[in-house]
Structures are given as structure tokens and as C-alpha cells.
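Residue numbers (the UniProt record's numbering): 1 to 102. A short worksheet on the structure shown next.
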Amino acid sequence: MSITVFIRYQLDPFKRAQFEDYSKRWLSIIPKCGGDLIGYFMPHEGTNNIAFALISFESLAAYEAYRARLRQDADGMANFHFAEDNKFILAEERTFLRKVVV
Numbered sequence: 001m002s003i004t005v006f007i008r009y010q011l012d013p014f015k016r017a018q019f020e021d022y023s024k025r026w027l028s029i030i031p032k033c034g035g036d037l038i039g040y041f042m043p044h045e046g047t048n049n050i051a052f053a054l055i056s057f058e059s060l061a062a063y064e065a066y067r068a069r070l071r072q073d074a075d076g077m078a079n080f081h082f083a084e085d086n087k088f089i090l091a092e093e094r095t096f097l098r099k100v101v102v
């Protein structure tokens, strides 16, 4: 069964540009580490401090293997440190979803 990780970010609204830079880096890092990146989504109209990401995996085991590869990836770790150093992500929530099929 495939799963999709839905990530909801609460951002510092004055640091959205930094979050966008962070997101753009994941566009190459996530596929390199084994995730099927659906995309990152920035605030456009309305709420200015909420962003989303969607990443799919073949299974929960594939997600766990991806997380292990990500922790070993220099670019991935640098991007995590960029977020920690600049504090533009105030909160992050992960929900694991499955597709409804008939």
C-alpha cells in the first residue's frame, strides 16, 4: 500500500522567502533520497503563514529507508541546518495518508 506524507508548516510570515529557498532545495534532494515529491505549496492569498508539502512512498518501510538516507545526505542535512539556523519554520505537522480505492 502506498502512502503520502502530508506536511503542514507554520511559518514566520516575515521569512517566507527563506522557506521558499528551503523548499526549492528539497526539489532535488527528496527524489535523490527515494521520495516521490508531489510538491511544496506556498501561501498565495489568504493565510500568509501556512505552507504544505506532499511526498509519496511505496510503503511505510520505504519512507523509513528514505529517512535514513536523508540523514546521511550532506545536502539534506545542510538544508535542515539552514531551517534551524534561520528559524522560519515555527511548527511542522506530519500526517500519513493512503489513497481511497474501490
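The C-beta atom is built at its ideal place from N, Cα and C for all residues, glycine as well.
| Asked | Found |
| --- | --- |
| Segment limits, beta strand (DSSP E) that includes residue 56 | 50 to 57 |
| Cut-off 6 Å between Cβ atoms - residues of its own chain near residue 35, not counting five sequence neighbours on either side | 55 and 66 |
| Rounded straight-line distance, which links the Cα of residue 79 to that of residue 25 | 7 Å |
| Residues near residue 81 by beta carbon distance below 6 Å, same chain, minus five either side | none |
| Check: residue 61 C-beta below 8 Å from any heavy atom of the ligand SAM | The ligand SAM is not part of this structure, which contains no ligands at all. |
| Cβ-Cβ separation, residue 27 to residue 37 (assumed contact under 8 Å), whole Å | 7 Å |
| Beta strand (DSSP E) segment containing residue 14, residue limits | Note, residue 14: premise wrong, no beta strand (DSSP E); not H, not E. |
| Alpha-carbon spacing of residue 102 relative to residue 15, whole angstroms | 43 Å |
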